[in-house]
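S.K.: Below is one structure. I have some questions about it.
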Amino acid sequence: MPVEKLLIANRGEIAIRIARAAGDLGITSVAIFSSDDHLSLHRQVSDESVGLEGGGVAAYLDIDGIVASAVSSGCDAVHPGYGFLAENADFASALEAEGITFVGPLSEQLALFGDKLSARNLATRLDVPVVAATSGAATLGEVEAFLAEHGAIMVKAVAGGGGRGMRELRQGQDAATIFERCQSEAQSAFGNGDLYAEKLIEAARHIEVQIIGDGSSVAHFGERECTLQRQNQKIIEVAPSPSISTETRQLL
Numbered sequence: 383m384p385v386e387k388l389l390i391a392n393r394g395e396i397a398i399r400i401a402r403a404a405g406d407l408g409i410t411s412v413a414i415f416s417s418d419d420h421l422s423l424h425r426q427v428s429d430e431s432v433g434l435e436g437g438g439v440a441a442y443l444d445i446d447g448i449v450a451s452a453v454s455s456g457c458d459a460v461h462p463g464y465g466f467l468a469e470n471a472d473f474a475s476a477l478e479a480e481g482i483t484f485v486g487p488l489s490e491q492l493a494l495f496g497d498k499l500s501a502r503n504l505a506t507r508l509d510v511p512v513v514a515a516t517s518g519a520a521t522l523g524e525v526e527a528f529l530a531e532h533g534a535i536m537v538k539a540v541a542g543g544g545g546r547g548m549r550e551l552r553q554g555q556d557a558a559t560i561f562e563r564c565q566s567e568a569q570s571a572f573g574n575g576d577l578y579a580e581k582l583i584e585a586a587r588h589i590e591v592q593i594i595g596d597g598s599s600v601a602h603f604g605e606r607e608c609t610l611q612r613q614n615q616k617i618i619e620v621a622p623s624p625s626i627s628t629e630t631r632q633l634l
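For what it's worth, our numbering labels the leading residue of the sequence shown as 383, then goes sequentially.
What follows is the structure, encoded as structure tokens:
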């Protein structure tokens with residue numbers, strides 16, 4: 383069923399782009415805005431707008447408030463943009479319960495890939511190579527045993543992403559302190575302090591292939607290199623990657 387009215391669950395540049403694209407497609411756009419964003423451009427370029435309770439980032443993370451805004455404004459779809467609730471399975475599920483289309487993956491898919499251990503298990507079942515790792519949420523003792531076996535590892539949060547809740551751990555370092563820091567950061571950022579460990583890949587290149595699917599067809603946009611990072615977060619992305627061969631590019 384074609385979308386007729388779209389709520390944009392974001393602000394700023396991405397919300398403006400989505401509103402303009404919706405207009406080009408003949409779709410009515412609805413902006414949301416926090417109390418301190420009432421003069422923002424994304425509100426002005428949309429066909430309609432709905433105010434949220436509160437200000438700042440918290441307003442754009444209010445699942446109940448945004449779903450209520452979509453219902454009250456008669457929207458049949460919600461586009462999350464990026465960041466905020468774009469990868470939140472609970473948000474997608476709440477919209478699905480109201481019969482509103484989430485422009486993105488199904489809530490089950492978001493939940494699956496939001497849990498790194500579940501994603502690893504799926505990759506293993508599909509014969510996709512994965513680096514050696516602990517199985518399940520690991521205790522400090524299991525992380526220390528894994529470190530003794532591999533010499534250098536990455537301690538990672540099971541949930542979330544964005545480089546949070548993960549640290550390098552090498553022989554001779556204080557494993558307990560690093561484990562506790564990762565656990566605290568993961569709990570604070572994602573509400574889940576579970577950790578696991580992977581063998582550290584030295585001098586790795588971070589290369590991704592972006593794909594898009596509509597439920598029946600899938601296309602790719604080639605690869606991009608995201609190796610230049612600070613605190614495990616991307617700073618610059620380069621496309622195409624200057625670090626791989628034509629053969630590797632074709633295989634990817």
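For glycine and all other residues, C-beta sits at the position ideal for the given N, C-alpha and C.
Note that this is a predicted model, so its numbers are computed, not measured.
Go through the segment 501 to 543 residue by residue and report every complete run of the beta strand (DSSP E) that reaches 3 residues or more, in order.
M.R.: If we require 3 residues or more, the beta strand (DSSP E) runs fully inside the segment 501 to 543 come out as 534 to 539.
S.K.: What residues match up with S431 in a beta bridge as DSSP calls it?
M.R.: Answer by DSSP bridge pairing, in chain order: A413.
S.K.: Between the Cα of T562 and the Cα atoms of R587, V525 and A534, which residue gives the shortest distance?
M.R.: According to the sequence displayed, residue 562 carries Glu and not Thr. Measuring from the Cα of E562, the nearest candidate turns out to be V525.
S.K.: Sort V591, R549 and C608 by Cα distance to L601 and report the nearest one.
M.R.: Reading the sequence as shown, one finds Ala at residue 601 and not Leu. Here the closest residue by C-alpha is V591.
S.K.: For D497, write down the residues that DSSP places opposite it in a beta bridge.
M.R.: Bridge partners of D497: A541.
S.K.: Look at the alpha carbon of S428 and the alpha carbon of V460, and state the distance between them as a whole number of angstroms.
M.R.: Going by the C-alpha atoms only, they are around 14 Å apart.
S.K.: Buried or exposed for R587, going by 16 or more other Cβ atoms inside 10 Å?
M.R.: exposed
S.K.: Who are the Cβ neighbours of V432 in its own chain at under 8 Å, not counting the five residues just before and after it?
M.R.: L389, V412, A413, I414, F415, S451, S454 and S455
S.K.: Do you know how far the Cα of L477 is from the Cα of Q613?
M.R.: 34 Å
S.K.: Where does Q553 fall in DSSP's three states?
M.R.: coil
S.K.: Under a Cβ-count criterion, where at least 16 other Cβ atoms within 10 Å of its own Cβ denotes burial, should E580 be classed as buried or exposed?
M.R.: buried
S.K.: By a C-beta neighbour count over all protein chains shown, 10 Å radius and 16 as the cutoff for buried, is D596 buried or exposed?
M.R.: exposed
S.K.: I think A401 touches H424, with their Cβ atoms under 8 Å apart; what is that distance to the nearest whole Å?
M.R.: The Cβ separation is near 7 Å, so the contact holds.
S.K.: Between C564 and the rest of its own chain, which residues show a CB-CB distance below 6 Å, the 5 nearest in sequence each way excluded?
M.R.: V537, G547, R549 and L577
S.K.: Excluding the 5 residues flanking E567 on each side, which residues of the same chain have their C-beta closer than 6 Å to its C-beta?
M.R.: Same-chain partners within the cutoff: R546 and G547.
S.K.: How would you call L634, buried or exposed, if buried means at least 16 neighbouring beta carbons within 10 angstroms?
M.R.: Around the beta carbon of L634, fewer than 16 other beta carbons sit within 10 angstroms, so the residue counts as exposed.
S.K.: Whole angstroms is fine: what's the gap from D509's alpha carbon to G408's?
M.R.: 43 Å
S.K.: Under three-state DSSP, which class holds V449?
M.R.: helix
S.K.: Taking D556 as the reference, which of G523, A571 and G436 has the closest Cα?
M.R.: Of the listed residues, the one whose Cα sits closest to D556 is G523.
S.K.: From which residue to which residue does the alpha helix (DSSP H) around Q632 run?
M.R.: T628 to L633
S.K.: Classify T609 as helix, strand or coil using the three-state DSSP reduction.
M.R.: coil
S.K.: Go through its chain and collect everything with a Cβ distance to A403's Cβ below 6 Å, but skip five positions before and after it.
M.R.: Same-chain partners within the cutoff: there are none.
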